[in-house]
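Note that my numbering has the sequence shown beginning at 844, numbered continuously upward. Notes follow the structure.
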Amino acid sequence: MEKLGRSSLSSLPQSITDELNNRKLVLSILRPATLSRLGLFILTLTLAIGCGGKILVPSSHPPVAPSVTLTISAAASLQDALEAIDPLFEQTNPNIQVNYNFGSSGTLQQQIEQGAPVDVFISAAAKQMNALQEQDLILSDTRRNLLANRLVLIVPQDSALALSDFRQLRDANISRISVGEPRGVPAGQYAEEVLKNLELAGELQPKFVFANNVRGVLAAVESGNVDAGIVYETDAKRSDRVKIAAIAEENLHQPIVYPIAVLQSSSNIEAAKTYTQFLLDTQARDTFQKFGFGTPAS
844 MEKLGRSSLS SLPQSITDEL NNRKLVLSIL RPATLSRLGL FILTLTLAIG CGGKILVPSS
904 HPPVAPSVTL TISAAASLQD ALEAIDPLFE QTNPNIQVNY NFGSSGTLQQ QIEQGAPVDV
964 FISAAAKQMN ALQEQDLILS DTRRNLLANR LVLIVPQDSA LALSDFRQLR DANISRISVG
1024 EPRGVPAGQY AEEVLKNLEL AGELQPKFVF ANNVRGVLAA VESGNVDAGI VYETDAKRSD
1084 RVKIAAIAEE NLHQPIVYPI AVLQSSSNIE AAKTYTQFLL DTQARDTFQK FGFGTPAS
């Protein structure tokens, strides 16, 4: 093709001549170093789009905190209430997940003493928490009295027995009474205190059917395998298959309190403290009250 000289350019339309002159000006401004940098930028941009389909822009949001899983060992009588509270806690603390281990307070105490990986312990009596504190297994400054409860005498819903007092348990038409094993079940310990103070413990001994935890006592009464049982008021209220015959007078037993504490061995102490504080706050307390738990005396 014939090259265009100056005379040829002058013969082109003015619009084309202006465009060619503009391109010469741009090329004269962009020096080799600038062109190199421009090429590198275009190459980088092309690779970024080709690899991910998007240009990655630094996020303005802070990184999400890593997830933490807590293990909570809690008295069996707390199961319904804690499971109801759990979604409320995880909603406000999405980076903390909670696993529960429910059982008799004595069994849970032994598990902790044997090295079970537990972050928070909630007992149904001071005895088990005291034992762990004496061994320096809990963080003493995190210990609080979380809840209160009452002890009641229950019978099957369809029972024809006209019970209204613990003293009536000596009646001949009552042959089987379910109670928690006093050595490891706080409800059984409180029941033992009541019956001793009423001078009934020795007389009723042949009638006792022991259970491994308070829910076991409840199940025995629900099934009709026993004539009566002694449980917490909260356990009685959760079942429509039993009815409360009598409430133990509070001067017949030690105050029923549920202490809570963080374990020394916890690998997530700050998260465990967060969980403990949540249970002490209003939202959780309202839920506990719906399940029949009271607030312990200061």
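The C-beta atom is built at its ideal place from N, Cα and C for all residues, glycine as well. Computed from a predicted model, the values in this text were never measured in an experiment.
The C-alpha of threonine 1119 is placed about 10 Å away from the C-alpha of isoleucine 1112. CA-to-CA, the gap between alanine 924 and phenylalanine 1131 works out to about 6 Å. Counting along the chain, arginine 987 sits inside the beta strand (DSSP E) bounded by residues 987-991.
With a cut-off of 8 Å on Cβ pairs, the stretch 994-1010 is in contact with the stretch 1079-1090, counting three or more such pairs.
Put simply, the backbone Cα of isoleucine 1020 is about 19 Å away from that of serine 947. The stretch 1090-1100 makes contact with the stretch 1033-1044; the number of CB pairs closer than 8 Å reaches 3 or more.
DSSP, read as helix, strand or coil, puts glutamine 954 in helix.
Taking the CA atoms as reference points, tyrosine 943 sits about 18 Å from methionine 972. 8 Å or more divides the Cβ of threonine 985 from the Cβ of alanine 1127. When the alpha-carbon of aspartate 929 is set against those of Pro1139, Leu1122, Glu1076 and Pro1049, the nearest one is in Leu1122. Between the stretch 1068-1075 and the stretch 1010-1027 there are three or more C-beta pairs closer than 8 Å, enough to call the two in contact.
In this chain, the alpha helix (DSSP H) harbouring glycine 1045 covers 1044-1047.
Valine 1022 is bridged by DSSP to Phe1053. In the DSSP assignment, glycine 1067 falls outside any alpha helix (DSSP H), carrying neither H nor E. Within the same chain, Cβ atoms closer than 8 Å to the Cβ of serine 983 are found at Gln976 and Ala1104, the five residues on either side in sequence being excluded. Ranked by Cα distance from alanine 1140, the first of Tyr1033, Asn988, Glu1024 and Ala1114 is Asn988. At least 8 Å separates the beta-carbon of isoleucine 981 from that of tyrosine 1033. Nearest neighbour of glutamate 1065 by Cα position, chosen from Tyr1075, Asn1056, Ala1079 and Phe1053, turns out to be Ala1079. With contacts defined by Cβ atoms closer than 8 Å, alanine 1063 and alanine 1054 form a contacting pair.
A distance of 8 Å or more separates the beta carbons of alanine 919 and leucine 996.
Of the residues assessed, alanine 1091 falls on the buried side of the cut-off, its CB having 16 or more other CB atoms within 10 angstroms.
If one requires a minimum length of 4 residues, the alpha helix (DSSP H) runs lying completely within the stretch 910-972 are 922-935 and 948-956, in chain order.
Within the same chain, Cβ atoms closer than 6 Å to the Cβ of leucine 1004 are found at Val998, the five residues on either side in sequence being excluded. Inter-residue distance for aspartate 979 and aspartate 962 is about 14 Å (C-alpha atoms, whole angstroms).
Residue environment for arginine 993: buried (at least 16 other C-beta atoms within 10 angstroms of its C-beta). Buried is the label assigned to serine 1109, since at least 16 other Cβ atoms lie within 10 Å of its Cβ.
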